[in-house]
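Chemist:
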Amino acid sequence: MPLRTPGSDAAYRQTNGGRSTTQRSFGQPEPQESQFRPMYPGQAWPTQQPAYRPMYTPPPPSDWHQQQARAYTPEPPNKLNRVVAIAALVALVIGVIAGAGAATAVVALDGNNGPITDQPSPPVGNGADPKIRTGSVSAVAATLLPSVVQLKVEGSDNSDATGSGFVIDNLGHILTNNHVVAAAAKGGSIQVVTNSNKVATARLVGRSPAYDLAVVQVVGLDAPSVQFGRSDLAVVGQDVVAIGSPLGLAGTVTSGIISAKNRPVTTGDSVDQASYISALQTDAAINPGNSGGPLVDMNARVIGVNSAIATVRGSEDGQSGSIGLGFAIPIDQARRTAQQLIATGQASYPVIGASVDMSFEGGARVSAVNANSPAARAGLRVGDVITSVNNEPVDSAEVLIVAIRTHQPGESVRLAYQRSGRSRTITLTLGQQIG
Numbered sequence: 000m001p002l003r004t005p006g007s008d009a010a011y012r013q014t015n016g017g018r019s020t021t022q023r024s025f026g027q028p029e030p031q032e033s034q035f036r037p038m039y040p041g042q043a044w045p046t047q048q049p050a051y052r053p054m055y056t057p058p059p060p061s062d063w064h065q066q067q068a069r070a071y072t073p074e075p076p077n078k079l080n081r082v083v084a085i086a087a088l089v090a091l092v093i094g095v096i097a098g099a100g101a102a103t104a105v106v107a108l109d110g111n112n113g114p115i116t117d118q119p120s121p122p123v124g125n126g127a128d129p130k131i132r133t134g135s136v137s138a139v140a141a142t143l144l145p146s147v148v149q150l151k152v153e154g155s156d157n158s159d160a161t162g163s164g165f166v167i168d169n170l171g172h173i174l175t176n177n178h179v180v181a182a183a184a185k186g187g188s189i190q191v192v193t194n195s196n197k198v199a200t201a202r203l204v205g206r207s208p209a210y211d212l213a214v215v216q217v218v219g220l221d222a223p224s225v226q227f228g229r230s231d232l233a234v235v236g237q238d239v240v241a242i243g244s245p246l247g248l249a250g251t252v253t254s255g256i257i258s259a260k261n262r263p264v265t266t267g268d269s270v271d272q273a274s275y276i277s278a279l280q281t282d283a284a285i286n287p288g289n290s291g292g293p294l295v296d297m298n299a300r301v302i303g304v305n306s307a308i309a310t311v312r313g314s315e316d317g318q319s320g321s322i323g324l325g326f327a328i329p330i331d332q333a334r335r336t337a338q339q340l341i342a343t344g345q346a347s348y349p350v351i352g353a354s355v356d357m358s359f360e361g362g363a364r365v366s367a368v369n370a371n372s373p374a375a376r377a378g379l380r381v382g383d384v385i386t387s388v389n390n391e392p393v394d395s396a397e398v399l400i401v402a403i404r405t406h407q408p409g410e411s412v413r414l415a416y417q418r419s420g421r422s423r424t425i426t427l428t429l430g431q432q433i434g
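In numbering that gives the first Met the number 0, the protein residues as written are 0 to 434.
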């Protein structure tokens, strides 16, 4: 769905399997168009290369050293000046080494102006590899890479896809995106490649198009399971790491921050197959093939499932790569859905039992109310315009659907709506639907 931000008016295009639909947002004139799309691989990429400006510094004149010597009159040598000069040289060497990013040596002078000696640097970290700093990107990568796999999917209709996934328990269950494995839902094969390049055939346990999640399993998989964090505790600006197989490059690690929370994002090419996500937004570089991979905090705990990217105008013929706008399904929701898929092969999602006008702007206008539904029992009518859910503003049908799907069936929500120019509120208990 459109990403609604103040002061922008952009048309966002949702794409799935090469088909697209366009939905227009509201506001000021647009500077450019962008779109959300699942990260499908296998499409042609733009061949235009970025322009680079070489950082060229002209060489000094051939008599530079003579010029410097003529401009400099040394003081009479004495022992104190020798010590000061050597100390200054030592400080300069340490500064250059540190600036180059290498480990710095501890340098000492003996009392008799003897030779400079090097002592080994203390270890950086406390783990098995002392070169890895605790809480660093390299530490997170070392912990998570063995748990992240590449998925290669072939459908019975000769369609194929590649993506990523991660191991969630000791039974070989792997969590990924539905759009990664959908081609194999009606026959086909799913191959799993571990970080140690071991290949195994996986079975599809279950999938949820509504949340764009799926679980596959490899019995006896030689890979550890991840640790889960809590996406509800994520804060804007915190450091994160994304791991996956962009463009088939398995074991790729990128880093960034949480740029925003609760972004309403829709992917899919039809209402029945659309996925509505209240997403974590990140600027960590994710590209086609990262889908299904983990978004991880700096304690190496998974807080999201990388699922979609935004692309700019002109990328339809050759799918654009990362522009710093990636979106992940919060792990709190993903864990609940994964548990349902493992237990029953299906997942449920909450509904109010009413249809809304997808083209209406300025709220979610009710276009139909199902008989004996939560909406009918609460008194909603056709033409009512829902404007908030639990005091959170609703300015479109997509935002309403995303807001409802952040809850669970059986929970109660408070809706504010307009009817004939008058504001009203109701409280209803959410129903459920399988999908």
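Idealized CB from N, CA, C, for every residue including glycine. Small disclaimer: the values here were computed from a predicted structure and weren't measured.
Who does Asp282 pair with in a DSSP beta bridge?
Modeler: BP columns for Asp282 are empty, so no partner.
Chemist: Following the continuous alpha helix (DSSP H) through Gln332, name the residue where it begins and the one where it ends.
Modeler: Ile330 to Thr343
Chemist: How is Thr193 classed by DSSP in three states: helix, strand or coil?
Modeler: coil
Chemist: Can you give the Cα-Cα distance for Arg81 and Ser135, rounded to whole angstroms?
Modeler: Bear in mind that a pLDDT of 44 at Arg81, under 50, signals an unreliable position, so the number given afterwards is only what the model happens to contain. Roughly 42 Å between the two C-alpha positions.
Chemist: Just the C-alpha distance for Val388 and Ala259, rounded to the nearest angstrom, thanks.
Modeler: 20 Å
Chemist: Provide the residue span of the beta strand (DSSP E) that contains Ala141, from first to last.
Modeler: Here Ala141 belongs to no beta strand (DSSP E); instead the alpha helix (DSSP H) covers Val136 to Leu143.
Chemist: Specify whether the stretch 343-356 and the stretch 291-304 touch according to this definition: at least 3 beta carbon pairs, one from each stretch, less than 8 Å apart.
Modeler: Of all C-beta pairs linking the stretch 343-356 to the stretch 291-304, fewer than three are shorter than 8 Å, placing the two stretches out of contact.
Chemist: Please classify Asn261: does DSSP put it in a helix, a strand, or coil?
Modeler: strand
Chemist: Measure from the alpha carbon of Tyr348 to the alpha carbon of each residue in Gln407, Asp394, Ala222 and Pro145, then state which is nearest.
Modeler: Gln407
Chemist: Given a cut-off of 7 Å, decide if Gly228 and Ile173 are closer than it, judged by their beta-carbon atoms.
Modeler: no
Chemist: Please classify Asn177: is it buried, with 16 or more other beta-carbons within 10 angstroms of its beta-carbon, or exposed?
Modeler: In this structure Asn177 is buried. Its beta-carbon is surrounded by 16 or more other beta-carbon atoms within 10 angstroms.
Chemist: Of the residues Gly219, Ala222, Val218 and Val180, which one's Cα is nearest the Cα of Ile206?
Modeler: Looking at the sequence provided, one finds Arg at residue 206 rather than Ile. Comparing Cα positions, the closest option is Val180.
Chemist: Taking the alpha-carbon positions, what's the Ile403 to Val192 distance?
Modeler: 36 Å
Chemist: How is Ala199 classed by DSSP in three states: helix, strand or coil?
Modeler: Strand.
Chemist: Sorted by chain position, which residues of the same chain lie with C-beta nearer than 8 Å to Ala283's C-beta, five sequence neighbours on each side aside?
Modeler: Val239, Val240, Ala241, Thr253, Ser254, Gly255, Ile256, Leu294 and Gly325
Chemist: Starting from Ala402, trace the alpha helix (DSSP H) both ways and give me its first and last residue.
Modeler: Ala396 to Arg404
Chemist: Three-state secondary structure (DSSP) at Leu212?
Modeler: strand
Chemist: Nearest-angstrom Cα distance between Gly16 and Gly420?
Modeler: Unreliable positioning characterises Gly16 in this predicted model, as indicated by a pLDDT of 38, which lies under 50. A coordinate reading is not provided.
Chemist: Can you tell me which residues form a DSSP beta bridge with Arg376?
Modeler: Per DSSP, none; premise fails for Arg376.
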